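Per this note's numbering, residue 294 is the first one in the sequence shown, and the count goes up by one each step.
Even for Gly, the Cβ is constructed at its ideal location relative to N, Cα and C.
Computed from a predicted model, the values in this text were never measured in an experiment.
Let me begin by presenting the structure, written as C-alpha coordinates, before commenting on it.
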Amino acid sequence: MTLFGTFGCHLCEAAEEALYRTSTAAWRNVDIADDESLLALYGTRIPVLRDECSGCELNWPFTSADILGLMAEAPAL
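The structure is reproduced here in C-alpha coordinates:
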(Lines of atoms letter the chains of each structure in order from A and count residues from 1; the text may use other names and numbers.)
(Lines give C-alpha, C1' and ligand atoms only; values in the text may rest on other atoms or scores of the structure.)
Protein backbone atom coordinates (compact mmCIF):
# COMPACT_ATOMS: atom_id res chain seq x y z
CA MET A 1 0.00 0.00 0.00
CA THR A 2 1.18 3.50 -0.80
CA LEU A 3 -0.18 6.73 0.61
CA PHE A 4 0.46 9.63 -1.75
CA GLY A 5 0.45 13.10 -0.22
CA THR A 6 2.60 16.06 0.73
CA PHE A 7 4.46 17.08 3.86
CA GLY A 8 2.30 19.22 6.14
CA CYS A 9 -0.99 18.28 4.48
CA HIS A 10 -3.55 18.00 7.30
CA LEU A 11 -5.76 15.69 5.25
CA CYS A 12 -2.75 13.44 4.60
CA GLU A 13 -2.09 13.33 8.34
CA ALA A 14 -5.71 12.30 8.91
CA ALA A 15 -5.32 9.55 6.30
CA GLU A 16 -2.17 8.31 8.07
CA GLU A 17 -4.08 8.16 11.35
CA ALA A 18 -6.85 6.16 9.67
CA LEU A 19 -4.25 3.70 8.33
CA TYR A 20 -2.64 3.30 11.76
CA ARG A 21 -6.05 2.66 13.35
CA THR A 22 -7.23 0.26 10.67
CA SER A 23 -4.39 -1.93 9.52
CA THR A 24 -1.14 -3.51 10.52
CA ALA A 25 -0.30 -4.15 6.86
CA ALA A 26 2.87 -2.57 5.52
CA TRP A 27 2.46 0.74 3.74
CA ARG A 28 4.72 3.57 2.66
CA ASN A 29 4.28 7.30 2.49
CA VAL A 30 5.24 9.07 -0.76
CA ASP A 31 5.59 12.86 -0.92
CA ILE A 32 4.51 13.95 -4.40
CA ALA A 33 5.82 17.52 -4.13
CA ASP A 34 9.15 16.91 -5.89
CA ASP A 35 7.92 14.55 -8.61
CA GLU A 36 6.23 16.28 -11.55
CA SER A 37 4.51 13.13 -12.82
CA LEU A 38 3.09 12.26 -9.38
CA LEU A 39 2.09 15.89 -8.83
CA ALA A 40 0.21 15.91 -12.14
CA LEU A 41 -1.48 12.60 -11.33
CA TYR A 42 -2.36 13.14 -7.67
CA GLY A 43 -2.00 16.88 -7.01
CA THR A 44 -5.72 17.67 -6.72
CA ARG A 45 -6.72 14.33 -5.16
CA ILE A 46 -4.35 13.84 -2.19
CA PRO A 47 -4.29 11.97 -0.01
CA VAL A 48 -4.64 8.91 -2.22
CA LEU A 49 -4.18 5.37 -0.96
CA ARG A 50 -3.07 2.90 -3.65
CA ASP A 51 -2.87 -0.86 -3.43
CA GLU A 52 0.19 -1.71 -5.53
CA CYS A 53 -0.91 -5.31 -6.14
CA SER A 54 -4.36 -4.54 -7.51
CA GLY A 55 -3.77 -0.99 -8.73
CA CYS A 56 -6.95 0.12 -6.95
CA GLU A 57 -6.97 3.58 -5.38
CA LEU A 58 -8.95 5.40 -2.71
CA ASN A 59 -9.29 9.16 -2.91
CA TRP A 60 -9.82 11.12 0.29
CA PRO A 61 -12.07 11.08 2.18
CA PHE A 62 -11.91 7.39 2.98
CA THR A 63 -12.99 5.49 6.07
CA SER A 64 -11.59 2.50 7.91
CA ALA A 65 -14.19 0.38 6.11
CA ASP A 66 -12.94 1.72 2.76
CA ILE A 67 -9.35 0.80 3.68
CA LEU A 68 -10.39 -2.71 4.68
CA GLY A 69 -12.35 -3.04 1.44
CA LEU A 70 -9.32 -1.98 -0.59
CA MET A 71 -7.20 -4.55 1.22
CA ALA A 72 -9.81 -7.25 0.56
CA GLU A 73 -9.61 -6.52 -3.19
CA ALA A 74 -5.88 -7.24 -3.24
CA PRO A 75 -5.00 -10.58 -4.80
CA ALA A 76 -3.69 -13.22 -2.42
CA LEU A 77 0.04 -13.87 -2.75
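Asked, Found
"Under DSSP, the beta strand (DSSP E) around G298 begins and ends at which residues?", "295-298"
"Output yes or no for whether 9 Å exceeds the beta carbon distance between S330 and M294.", "no"
"Taking the alpha carbon of E310 as the point to measure from, which residue in E366, P340, M364 has its own alpha carbon closest?", "P340"
"For T299, I'd like the list of residues in its chain whose CB is within less than 7 Å of its CB, leaving aside the five on either flank, ordered along the chain.", "C305, D324, I325, A326, I339"
"Rounded to the nearest angstrom, what separates G301 and A307 at their Cα positions?", "11 Å"
"Using a Cβ-Cβ cutoff of less than 8 Å, which residues in the same chain neighbour A319 once the five nearest sequence positions on both sides are dropped?", "M294"
"Just curious, the alpha helix (DSSP H) that E350 is in, first and last residue?", "Looking at the DSSP string, E350 is not in any alpha helix (DSSP H); the run it does join, the beta strand (DSSP E), is 350-352."
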